[in-house]
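Colleague: Going by the numbering used here, the sequence shown opens with residue 3, and the numbers climb by one from there. Even glycine gets a Cβ: it sits at the ideal position worked out from N, Cα and C. If you're wondering where the values come from, they're calculated on a predicted model, not measured in any experiment. Got a structure for you, questions after.
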Amino acid sequence: MRCLGRWGVGKTSLDDIAREAGCSRASVYRTFPGGKESLLREVAAQEVRTFFEAIDSRLRAEASLESMLTAGVEEALLRLRDHEALTFLAEFEPDRLSLAPSASGIGRVLPPGVAFTAAHLRRFVPAAVAGEAAEWVVRVVLSYAAAPPLTIPAGPEHPGRIVKALLVPAIAALAEAAGAPLHATATSTAPVAAAAAR
């Protein structure tokens, strides 16, 4: 990831990666027979696992829908904005981030995020609406991560404002329309990070 954060995907060579890892180029090819693309896929998969595991541990500690959503939005935005490689790619190689509005772009990013978020939302939201509510949450997070707010003051209170003003009322209305009220407190704290891998 350090190479990608410095030079991006296009300018990072297998020699750069091998040098950074302290091994030979042949060792990299033996480990990743598909070369650079194979290595990048594995690195991306590991980064996604790390991302969801970190957020999962924080979300399981929350006892209300609002606090869980606030913690999740805050942690996700922090991790997305502070990620060196993502920051470089967003500025210099945005086409590599799969955020284009198409099935091959954001359509690849949404399913794991929605599955992960829905699994956590089911602690508070009826299962019948958890998927739709999760997609709303993920789309809001991706929107704020891709284009920070212009008129809303940024700061530690910002995720809470997004959750309180937008997400909780929308999710409550969705649940009410389905005839299934929200749970006041969490119904389970079982780990759900694996849901994103499905």
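1) Can you give me the C-alpha to C-alpha distance between Thr119 and Ala177, rounded to a whole angstrom?
2) How should Asp17 be labelled, buried or exposed, when 16 other C-beta atoms within 10 angstroms of its C-beta is the threshold for buried?
3) Thinking C-alpha only, which one of Met70, Arg141 and Pro171 is nearest Ile57?
4) Would the stretch 35-47 and the stretch 58-78 be scored as touching if the rule is three or more Cβ pairs under 8 angstroms?
5) Distance, Cα to Cα, Pro193 vs Ala182?
6) Under 7 angstroms Cβ to Cβ from Leu123, same chain only, skipping five residues before and after it: list those, please.
7) Buried or exposed for Ala149, please, with buried defined as at least 16 other CB atoms from any protein chain shown within 10 angstroms of its CB.
8) How many Å lie between Pro161 and Val75 at the Cα?
9) State yes or no: is the C-beta of Ala174 within less than 8 angstroms of the C-beta of Leu184?
10) How long is the line joining the alpha carbons of Thr14 and Thr33, rounded to whole angstroms?
11) So, for Gly115: in the same chain, excluding its five sequence neighbours on each side, which residues have a beta-carbon less than 6 angstroms away from its beta-carbon?
12) At the level of alpha carbons, what is the spacing between Ile164 and Thr89?
13) Where Arg110 and Arg81 are concerned, what is the direct C-alpha to C-alpha distance, given to the nearest angstrom?
14) Tell me which residue opens and which closes the alpha helix (DSSP H) that Glu178 is part of.
15) Considering only their Cβ atoms, is the gap separating Glu22 from Arg51 smaller than 8 angstroms?
Modeller: Here's the rundown:
1) Along the sequence shown, read from residue 1 onward, the residue named residue 119 stands at position 117. Along the sequence shown, read from residue 1 onward, the residue named residue 177 stands at position 175. Their Cα atoms are separated by approximately 16 angstroms.
2) For this step, residue 17 is matched to residue 15 along the sequence shown. Asp17 comes out exposed.
3) Here residue 57 refers to the residue found at position 55 of the sequence shown. Measuring C-alpha to C-alpha distances from Ile57 to each of Met70, Arg141 and Pro171 identifies Met70 as the nearest.
4) These segments do not touch.
5) What you label residue 193 is simply residue 191 of the sequence shown in a count that begins at 1. What you label residue 182 is simply residue 180 of the sequence shown in a count that begins at 1. At Pro193 the pLDDT is 42, less than 50, meaning the model places this residue with poor confidence; the figure from the coordinates comes in the next sentence. Ala182 has its alpha-carbon roughly 24 angstroms from the corresponding atom of Pro193.
6) Here residue 123 corresponds to residue number 121 of the sequence shown, with the count starting at 1. Once the five neighbours on either side are set aside, the close Cβ partners of Leu123 are Ala132, Ala135 and Ala136.
7) Numbered from its first residue, the sequence shown carries residue 149 at position 147. Ala149 is exposed by the Cβ-count criterion.
8) Counting from one through the sequence shown, the residue named residue 161 turns up at place 159. Counting from one through the sequence shown, the residue named residue 75 turns up at place 73. Distance between the alpha carbons of Pro161 and Val75 is about 6 angstroms.
9) For the purposes of this step, residue 174 is identified with residue 172 of the sequence shown, where counting begins at 1. For the purposes of this step, residue 184 is identified with residue 182 of the sequence shown, where counting begins at 1. When the beta-carbon positions are compared, Ala174 and Leu184 come within less than 8 angstroms of each other.
10) As a first step, residue 14 must be located in the sequence shown, where it is residue number 12. As a first step, residue 33 must be located in the sequence shown, where it is residue number 31. Cα to Cα, the separation comes out at about 18 angstroms.
11) As a first step, residue 115 must be located in the sequence shown, where it is residue number 113. Setting aside the 5 residues that flank it on each side, Gly115 is surrounded in the same chain by Val140, each with a C-beta closer than 6 angstroms to its C-beta; the list follows chain order.
12) Position 162 of the sequence shown holds residue 164. Position 87 of the sequence shown holds residue 89. Ile164 and Thr89: Cα-Cα distance of roughly 22 angstroms.
13) Along the sequence shown, one-based indexing puts residue 110 at 108. Along the sequence shown, one-based indexing puts residue 81 at 79. Rounded to the nearest angstrom, the gap between the Cα atoms of Arg110 and Arg81 is 19 angstroms.
14) For the purposes of this step, residue 178 is identified with residue 176 of the sequence shown, where counting begins at 1. Element bounds for Glu178: Val170 to Ala179.
15) By 1-based counting over the sequence shown, the position of residue 51 is 49. By 1-based counting over the sequence shown, the position of residue 22 is 20. 8 angstroms or more divides the Cβ of Arg51 from the Cβ of Glu22.
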